[in-house]
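Numbering (the working numbering), first residue to last: 1 to 480.
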């Protein structure tokens, strides 16, 4: 903000992986008020977007950036965000994590968040010394921050980075586990949530159904879900039209009578438009003639399935832009080279352009040449496709993605073939993939339905739209 324009304090706190504590360093920075607090890797983008939304409405926003940084994509994103938004203050916070030697938990995800939770008390004196209006974080550290915020008498909000329906499942976990502690032991049947459409157990995250990782529920999910009644509100990256029944049920108190209010403020707008090196190639393609493929950083496809996907892309008859973000856990450079048939992992072959590394997905989906989107149904990608009206071939790989795919299909944003299962469960033939891609690119009803989603998404964010009014309500609460 410039000049003497009034600014409002919001508080949030940002994490990445592997940390080391430096309380003196934080105090020496003497920032007037902190503002935004996400936790963990992979969920920074929604916080960046919301921070910019708040800052553009005269809120004074600050990130507490836990250091050292996590994997390269998160570090790069944070560095770029900091450089492009100098009015949003960044507060660096060094933490030192130590895993107990007697710990029986080996899952790095759980260890990571246990370390964060143990370290959060380091922030308490900082927050108490500043004029903080509210604290925002994600669900992962809710149980600890709910207690800290209560001790400091500071309103605490959660930013949900998933669909409303997945949030409903999370919120209802204490009830489900109380009624039947073995509810996730049997893979058959449905999970029933009061006033919400039943959820097939085949759509529940596989890690919840796996006895070898069942500590995920008691150690991580249940304690955080149990803290929700202490939360002032939940910001949702979705919009009323996209998930009307679930949002209405959650906000009516019919699901749980102690849930905080939900504030659907999506789709979240772009926070820093970036030029892409690959746009010149797209600029040469006809309108809606290119299939965009991106399975994110945690792609888990086998090499055989990747070859079948490539075959399907060739069969469909359309040009394609395939992005592989280069996660080491997926397949190494040699495997990608072998599959692609190119002289290097980044290059073009036949109808397609294959890219290894980061791209500005928002920019790509907004390009008029993009006519279809093949994706694992990570929620940020779903909202970006909704904003641009690009029909999706939803291909869930893990986590909440089947539930997201169900929402995509119901809203008319794309196609989901349930029989394909989770990533790795079966080898999907390239011919089947090619036929579906051709349908997405050619079926006028599919295109019309996706464009209708685009219209509804933009109406929600216009002045007087549902999401715009909810955002104004949140800011009014914070500044009252």
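Ideal placement from N, C-alpha and C gives every residue a C-beta, glycine not left out. Small disclaimer: the values here were computed from a predicted structure and weren't measured.
By the Cβ-count criterion, residue 178 is exposed, with fewer than 16 other Cβ atoms from all chains shown falling within 10 Å of its own Cβ. For residue 238, the three-state secondary structure derived from DSSP is coil.
Put simply, the backbone Cα of residue 255 is about 20 angstroms away from that of residue 237. Per DSSP, the beta-bridge partners of residue 160 are 236. Of the other Cβ atoms in all chains shown, 16 or more fall within 10 Å of the Cβ of residue 466; this residue is therefore buried.
Residue 168 sits in a helix when the DSSP states are folded into three classes. Ranked by Cα distance from residue 138, the first of 48, 174 and 58 is 48. Distance from the CA atom of residue 281 to the CA atom of residue 439, rounded to whole angstroms, is 24 angstroms.
Within the DSSP bridge table, the entry for residue 392 names 373 and 414 as partners.
Classified as exposed, residue 150 has fewer than 16 neighbouring CB atoms from the shown chains inside 10 Å of its CB.
Cβ contact annotation for residue 404 (same chain, cutoff 6 angstroms, sequence separation greater than five): 163, 377, 379 and 382, in chain order. Under a 10 Å Cβ-count criterion, residue 210 is classified as exposed, with fewer than 16 other Cβ atoms of the shown protein chains found around its own Cβ. Residue 319 sits close to residue 290, with the two beta carbons spaced by under 7 angstroms. By the criterion of at least three beta-carbon pairs nearer than 8 angstroms, the stretch 74-92 is in contact with the stretch 54-63.
If you look at residue 264, you'll find it isn't in any alpha helix (DSSP H); it sits in the beta strand (DSSP E) that goes 262-264. Per DSSP, residue 434 is one residue of the alpha helix (DSSP H) stretching across 430-442.
Assignment of residue 382 by DSSP, reduced to helix, strand and coil, places it in the helix class.
Apart from the 5 residues on each side of it in sequence, residue 81 sits with its Cβ closer than 6 angstroms to the Cβ of 48 in its chain, given in chain order.
Around residue 475, the same chain offers 8, 54, 57 and 59 as residues with beta carbons nearer than 8 angstroms, after the five sequence neighbours per side are excluded.
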